[in-house]
Each structure stands twice: as C-alpha cells, then as structure tokens.
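Going letter by letter, the sequence shown gives residues 5 to 249 in my numbering.
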Amino acid sequence: MKTKLLILIFFPLVFLSQSFSKQRIEFLTKQLKGENIDARFGEEKAISICNELYMLSKEENDKSGMLIAITYRSRAYITRMDTNACLKSVEEGLPIAEELKSYKDWVSLLLYKAKSLMLVKDFDNARSCFSKAFKIVNLIDDKNTMHKEKYYIYENLALYSIPLFKDYNKRSYKDSILYFALKSYSEISKVPDPCPQKGQSLQNIAFAYDTQGNYKEADKYYDYAEKRQIKENDKRYIANVYALR
C-alpha cells in the first residue's frame, strides 16, 4: 500500500518536472533564435542563456537543444575573442551537428573555429575549416540559408586574406581579398529582401578596392553600401560604413 502511495505521489512530480524542462528548453531556444541577441541581452546574459539551455537539454538527452546552445555559445565566445573557450565549445558541437545532419550549424561551427584559429595565426588549419565548410554547405536544403552560409564563408575568406597580405606580405592575397568579397556579394544577392547582409557585402567590396588603392571604385561601393543600409534601416551597418570612409 505504501509503495502504491509513493508512486501516486512522485509520478506526477516527475512528469511535471519533465514538462517544465521541455517548456523551458523551448522558451530559451526562442530567445536565442530571436534577432540581435547580444544587443537584447548583453554578452554575459546571452552566454548564461546558452549554458542553461545546454544543461537542461543534456539532462533531457535533447541533442538538438544542446547543439543550438553550443552554436550560439561558440558565436558569443568568438565575438569576445575568447579563442580557447570557442575552440573547446566547437569541438563538442561538431560531432553532434554531424550526427543530427544539421548542416547549417555544422558550417557555422567550422567558421567559428576558423575565426578562432585566425586570431591565433594558425592560418593553415583555418583554411582547412573553410574547405570542410564548402563540402558541407551544399547539403543545406533551404536555398536561401545555403546562399547565406556561402556568403559567410566567402566573407571570412576575405578576412582571412587581409593579414596574409598586410602582415605577411603575401602579394597574391591582395587580389584574393577582392575576389572573395565579390563572391560573397554574388551569394547574398540571391537571397530575397530584407537582407542587411547585402549592404555589408557591398561595404566589403569597397574595403577590398580600398586595399588595392583603387579609391574611385572604393568610393562608388561605399556609396552603394550606404544607400543599401539606409534602405534596410539597420543603424549598426550604417555606422560601419561611415567608420570606414
């Protein structure tokens, strides 16, 4: 009789606990997937949300929730240039992304790893990450998402080329900066509006021409970028254009 009574008491509690965890996971996931999470929550709060989502998802054996937490946390770490934390986070996320066939997250994690490696001047392994990302990106089903991720790959390859040209005097990378900037614009142009990354890609082309000393073309693309960002009404990107001019 006592055993039955205990079951009647504790079973609803366990059920309620599991139900709360799942609801909390859904809530935290929605928070992370909203726009401009860093601006809305601040860096520390965003990481705190990621950590809570990760722990709850791990307790529920929810690998999808774990991957979301790891991906956003890795992005937060690279934003604050914490390369060690980012690399550790990425290494945990990569096998989960592969297992779940979550190709977008897989590509994103490889880009965060590449950025971290670039910051510590490990350019060979960074380039290897870009090569792996190119092999995976075409597996993304949604075409708009695929083109956006290709845009990010090319944009980061342009960033990869800048220190190799400027700091290591590898002259061949001077043309690579412009090449990758143009490729990134080609990809993002295939994504329907609204799309603030289009203005950013025009800004990258302007910077590439600036690097080559072609100031006439640079000014032309800065004008294009400014008009595009005003149209998108994204003050962050508009400020970037003014800062570079």
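In this text, a Cβ means the ideal position worked out from N, Cα and C, and glycines have one as well.
Which same chain residues end up closer than 6 Å to N148 when comparing Cβ atoms and leaving out the 5 residues on each side of it in sequence? For the purposes of this step, residue 148 is identified with residue 144 of the sequence shown, where counting begins at 1. Excluding residues within five positions, the ones whose Cβ falls inside 6 Å are V195.
Using 8 Å as the cut-off, can you tell me whether the stretch 163-172 makes contact with the stretch 136-151, which would need three or more C-beta pairs spanning the two stretches below that distance? no
Can you give me the Cβ contacts of L121 inside the same chain, cut-off strictly under 6 Å, excluding the 5 residues immediately before and after it? For the purposes of this step, residue 121 is identified with residue 117 of the sequence shown, where counting begins at 1. Around L121: N129, A130.
Just verifying my parser: in three-state terms, what is the DSSP assignment at M150? Here residue 150 refers to the residue found at position 146 when the sequence shown is read from its first residue. Helix.
What are the boundary residues of the alpha helix (DSSP H) that P99 is part of? Indexing the sequence shown from 1 puts residue 99 at position 95. Segment 87-104, the alpha helix (DSSP H) holding P99.
In terms of residue numbering, what span does the alpha helix (DSSP H) encompassing L60 cover? By 1-based counting over the sequence shown, the position of residue 60 is 56. First-last of the alpha helix (DSSP H) with L60: 47-63.
Does DSSP put V111 in a helix, a strand or coil? The residue you call residue 111 lines up with position 107 of the sequence shown. In the structure shown, V111 sits in a helix (DSSP, three-state: H, G or I).
For a test of the three-state rule: what should DSSP assign to Y189, helix, strand or coil? As a first step, residue 189 is located in the sequence shown; it is residue number 185 there, counting from the start. In the structure shown, Y189 sits in a helix (DSSP, three-state: H, G or I).
Mapping the DSSP letters down to three states, classify N142 as helix, strand or coil. Against the sequence shown, residue 142 aligns to sequence position 138. Coil, per DSSP.
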